[in-house]
Amino acid sequence: MERSAGRSSSRRRRSRPVLGGTLAVATAAALTVTGLVSTAQAADVNNAKNAGFESGLANWTCSGGSGATVSSPVRSGTSALKATPAGQDNAKCSQSVKVKPNSTYALSSWVQGGYAYLGVSGTGTTDVSTWTPGSSSWTKLSTSFTTGANTTSVTVYTHGWYGQAAYFADDIAVTGPDGGGGEDPGPVIPAAPAGLTAGATTTSSVALSWNAVSGATGYKVYRDGVQATTSTGTSATVTGLTADTAYQFSVSATNAAGESVKSAAVSARTAKEGTGPGPGPAVPKHAVTGYWQNFNNGAAVQKLTDVPADYDIIAVSFADATPTPGQVTFNLDTAGLNGYTDAQFRADIKTKQAQGKNVIISIGGELGTVRVNSDASATAFADSVYALMQDYGFNGVDIDLENGLNATYMTKALRQLSAKAGSGLVITMAPQTIDMQSTSGEYFKTALNIKDILTVVNMQYYNSGSMLGCDGKVYSQGSVDFLTALACIQLEGGLDPSQVGIGVPASTRGAGSGYVAPSVVNAALDCLAKGTNCGSFKPSKTYPSLRGAMTWSTNWDATAGFAWSKEVGPHVRSLP
27 MERSAGRSSS RRRRSRPVLG GTLAVATAAA LTVTGLVSTA QAADVNNAKN
77 AGFESGLANW TCSGGSGATV SSPVRSGTSA LKATPAGQDN AKCSQSVKVK
127 PNSTYALSSW VQGGYAYLGV SGTGTTDVST WTPGSSSWTK LSTSFTTGAN
177 TTSVTVYTHG WYGQAAYFAD DIAVTGPDGG GGEDPGPVIP AAPAGLTAGA
227 TTTSSVALSW NAVSGATGYK VYRDGVQATT STGTSATVTG LTADTAYQFS
277 VSATNAAGES VKSAAVSART AKEGTGPGPG PAVPKHAVTG YWQNFNNGAA
327 VQKLTDVPAD YDIIAVSFAD ATPTPGQVTF NLDTAGLNGY TDAQFRADIK
377 TKQAQGKNVI ISIGGELGTV RVNSDASATA FADSVYALMQ DYGFNGVDID
427 LENGLNATYM TKALRQLSAK AGSGLVITMA PQTIDMQSTS GEYFKTALNI
477 KDILTVVNMQ YYNSGSMLGC DGKVYSQGSV DFLTALACIQ LEGGLDPSQV
527 GIGVPASTRG AGSGYVAPSV VNAALDCLAK GTNCGSFKPS KTYPSLRGAM
577 TWSTNWDATA GFAWSKEVGP HVRSLP
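This note's numbering puts the first residue of the sequence shown at 27, with every later residue one more than the last.
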């Protein structure tokens, strides 16, 4: 789902420079003439300062305020650079580095995310750069350069590219003879963490958080004096505990130099059995799902109680990732929502549930970075989502991960969550069209893996362009055929009709492309459920138990005068 109003197809772009042609020839020639090598000598040092961004942006300058340090993802230590291109700014971050004249240096950086460039200027010989079009994991960029006879400093830089996603950089190195600044000092044993607090608890887990410690690269968490888990961030969830039992927790900080003394201990008691949120209202046979925005992107700002009764499932968008892989939390955007308080929000959840509605927490969205790709992260996901259900009273979870999903571990996570929450758990999914083209896709596999506990898959029939239907023909988005022929893939691919919904934008401003009028949504519902009002594609059979429809978002629906829900809501309820 998009936090922005939509992507413009006419956004101004610049051509991407290619490391080839004259520059590549010149660079190659320089390498040949001077005998440049990228292998550093034994006495060489890393002349870059704050190379791992452990001291924030000290020694670095980023154009237009585009740079910031983040705690995740990091390649080493506790911080990395995140720089975000915007408009005419390519998010260039640079540092002046002291070097020796007539010397050879190896230049490298680890990068992740969008287009990332690494280069050096002011060498006095040939300036060089290298780049990658982006990666979902850490990738090393490397090059080398020589300095001129009078060169005592160079400018090392990273930057992204116009209109592309943010990039991350870590562990930048300018390795060669000491230019006079020396190498950053090695690590010392960090101080003990402060601010350790216990947060949400379940019958088998306790969530902990603490303040970051300068120079720490990780943390060890102790339960009653015995190490229970580790973390690279400032939070962790200790699992495998006994219900209604008191525990003491402490935490230490670690780095290459060693481990700190333990923090002051805190006590926490796990929840009693049977204290979970309990089953929520039954989801209607035919249901409408709407995403409620916990942020202001130009759509109408709403309280939960502003959401019309036409919506049966309200997906609160979105949970936030924590530094612990797989773990999520929720932070109400009180400022962005015109002073909507946490107490009001919690009370409004109960009000909606009393009206027979299910309120669930959505994970992901267009910018979401929650990754469940290991047993530990699957457990952290299940524990933290269940903790939010206990804390706020959410009835379930929506999976809207648009930046990748691992079927093996997401299945494990949702199975664990189901075991905790019980049969009343609501699980919805909002994959993109490409995710549901084949049963071999990770999203489709996940849906089939949890078919016995899955409520509904509301695929996003927008922002995708043309796609294949179940008959092998290509259909253009924005048509009734696009909706019906793509829904047919899920219906014939193993999902029960009651687990299939049609997801569309509530208005033309709700997505970059793919908007259809409410009447087209209703026609598609009729075609699938009753075999009427079809376009050129007509399924071979009808699916009268089809679940219904979904929209992004209730806020964009409100902005358009609730035209979508007023027309689609009653029609969904009228299905056979």
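Ideal Cβ positions, reconstructed from N, Cα and C, are used throughout, including at glycine.
Residue i to residue j, Cα distance in whole Å?
{"i": "G113", "j": "G91", "result": "13 Å"}
{"i": "D409", "j": "G244", "result": "21 Å"}
{"i": "W136", "j": "Y366", "result": "41 Å"}
{"i": "Y487", "j": "K376", "result": "31 Å"}
{"i": "G574", "j": "N357", "result": "30 Å"}
{"i": "A238", "j": "G561", "result": "58 Å"}
{"i": "D270", "j": "L451", "result": "23 Å"}
{"i": "D583", "j": "W590", "result": "6 Å"}
{"i": "T204", "j": "P99", "result": "For clarity, residue 204 is Asp in the given sequence; the question names Thr instead. The straight-line gap from Cα to Cα measures roughly 30 Å."}
{"i": "A54", "j": "N364", "result": "Its pLDDT being 33, under 50, A54 is placed unreliably by the model, and the measurement read from it follows with that caveat. Cα to Cα, the separation comes out at about 58 Å."}
{"i": "F275", "j": "C496", "result": "54 Å"}
{"i": "N484", "j": "A456", "result": "5 Å"}
{"i": "V314", "j": "K564", "result": "23 Å"}
{"i": "G557", "j": "P602", "result": "12 Å"}
{"i": "A224", "j": "A242", "result": "21 Å"}
{"i": "D507", "j": "G520", "result": "21 Å"}
{"i": "V333", "j": "D426", "result": "20 Å"}
{"i": "R80", "j": "P127", "result": "Checking the sequence shown, residue 80 turns out to be Glu, not Arg. Cα to Cα, the separation comes out at about 29 Å."}
{"i": "G316", "j": "T151", "result": "60 Å"}
{"i": "I476", "j": "L572", "result": "18 Å"}
{"i": "L512", "j": "Q463", "result": "8 Å"}
{"i": "D115", "j": "A142", "result": "14 Å"}
State the DSSP-derived secondary structure class of residue i, mapped to helix, strand or coil.
{"i": "N281", "result": "strand"}
{"i": "Y337", "result": "coil"}
{"i": "D115", "result": "strand"}
{"i": "Y627", "result": "The first residue shown for the chain is 27 and the last is 602, placing residue 627 beyond what the model contains."}
{"i": "R295", "result": "strand"}
{"i": "V547", "result": "helix"}
{"i": "L57", "result": "For L57, the pLDDT reaches just 34, beneath the cut-off of 50, and the residue's location in the model is therefore unreliable, leaving the point undetermined."}
{"i": "G90", "result": "helix"}
{"i": "T151", "result": "coil"}
{"i": "Y131", "result": "strand"}
{"i": "L363", "result": "coil"}
{"i": "P398", "result": "According to the sequence provided, residue 398 is Val. The question's Pro does not apply to it. Looking at V398 - three-state DSSP - the assignment turns out to be coil, as it is neither helix nor strand."}
{"i": "L234", "result": "strand"}
{"i": "A142", "result": "strand"}
{"i": "A220", "result": "coil"}
{"i": "S289", "result": "coil"}
{"i": "T377", "result": "helix"}
{"i": "F356", "result": "coil"}
{"i": "V594", "result": "helix"}
{"i": "F371", "result": "helix"}
{"i": "K438", "result": "helix"}
{"i": "S240", "result": "coil"}
{"i": "A31", "result": "At A31 the pLDDT is 44, less than 50, meaning the model places this residue with poor confidence and gives no usable figure here."}
{"i": "T263", "result": "strand"}
{"i": "A108", "result": "The question names Ala, but residue 108 is Lys in the sequence shown. Three-state DSSP puts K108 in a strand."}
Against chain B, does residue i count as a neighbour if the rule is that its beta carbon must be under 9 Å from one of theirs?
{"i": "T152", "result": "The chain labelled as chain B is not found in the depicted structure, where only one protein chain is given."}
Ordered along the chain, which non-local residues of its own chain (more than five positions away) have a Cβ less than 6 Å from that of residue i?
{"i": "G284", "result": "I215"}
{"i": "K471", "result": "A433"}
{"i": "T258", "result": "G244"}
{"i": "T87", "result": "S120"}
{"i": "T355", "result": "D346 and T348"}
{"i": "V546", "result": "V506"}
If residue i sits next to residue j, beta carbons under 8 Å apart, how far is it from one beta carbon to the other, in whole angstroms?
{"i": "S343", "j": "N322", "result": "Between N322 and S343 the Cβ distance is about 12 Å, and since that is not below 8 Å, they are no contact."}
{"i": "A199", "j": "T184", "result": "About 12 Å; that fails the 8 Å criterion."}
{"i": "A406", "j": "G352", "result": "4 Å"}
{"i": "T256", "j": "V264", "result": "That pair is no contact at about 11 Å."}
{"i": "V180", "j": "V125", "result": "6 Å"}
{"i": "I453", "j": "F420", "result": "About 12 Å separates the two Cβ atoms, so there is no contact after all."}
{"i": "Y337", "j": "K383", "result": "7 Å"}
Below 7 Å CB to CB, which residues in the same chain sit around residue i once its five sequence neighbours on both sides are set aside?
{"i": "L83", "result": "G93 and T95"}
{"i": "V398", "result": "G352, A404, F407, N432, Y435, M436 and A439"}
{"i": "R599", "result": "H312"}
{"i": "A586", "result": "A532 and S533"}
{"i": "K166", "result": "S134 and W136"}
Residues in the same chain with beta-carbon distance under 8 Å from residue i, minus the five sequence neighbours each way, listed in chain order, please.
{"i": "D153", "result": "G145, V146, S147 and F171"}
{"i": "A192", "result": "K108, A109, T110, P111, A117, G139, G140 and G186"}
{"i": "T268", "result": "S230 and T296"}
Should residue i be counted as a contact of the ligand ATP given a C-beta to heavy atom distance under 8 Å?
{"i": "G498", "result": "This structure simply doesn't include the ligand ATP, nor any ligand for that matter."}
(message) What ranges does the alpha helix (DSSP H) occupy inside the stretch 520-589, keeping only unbroken runs of at least 4 residues that lie completely in it?
(response) 544-556 and 580-585
(request) Give, in chain order, every unbroken run of the beta strand (DSSP E) that is at least 3 residues long and sits entirely within the stretch 156-208. (result) 161-172, 179-185 and 193-202
(message) Ignoring anything shorter than 4 residues, give me the alpha helix (DSSP H) runs that lie fully in the stretch 400-435, in order along the chain.
(response) 401-418
(request) For the stretch 466-529, list the beta strand (DSSP E) runs that are entirely contained and at least 3 residues long, ordered along the chain. (result) 482-486
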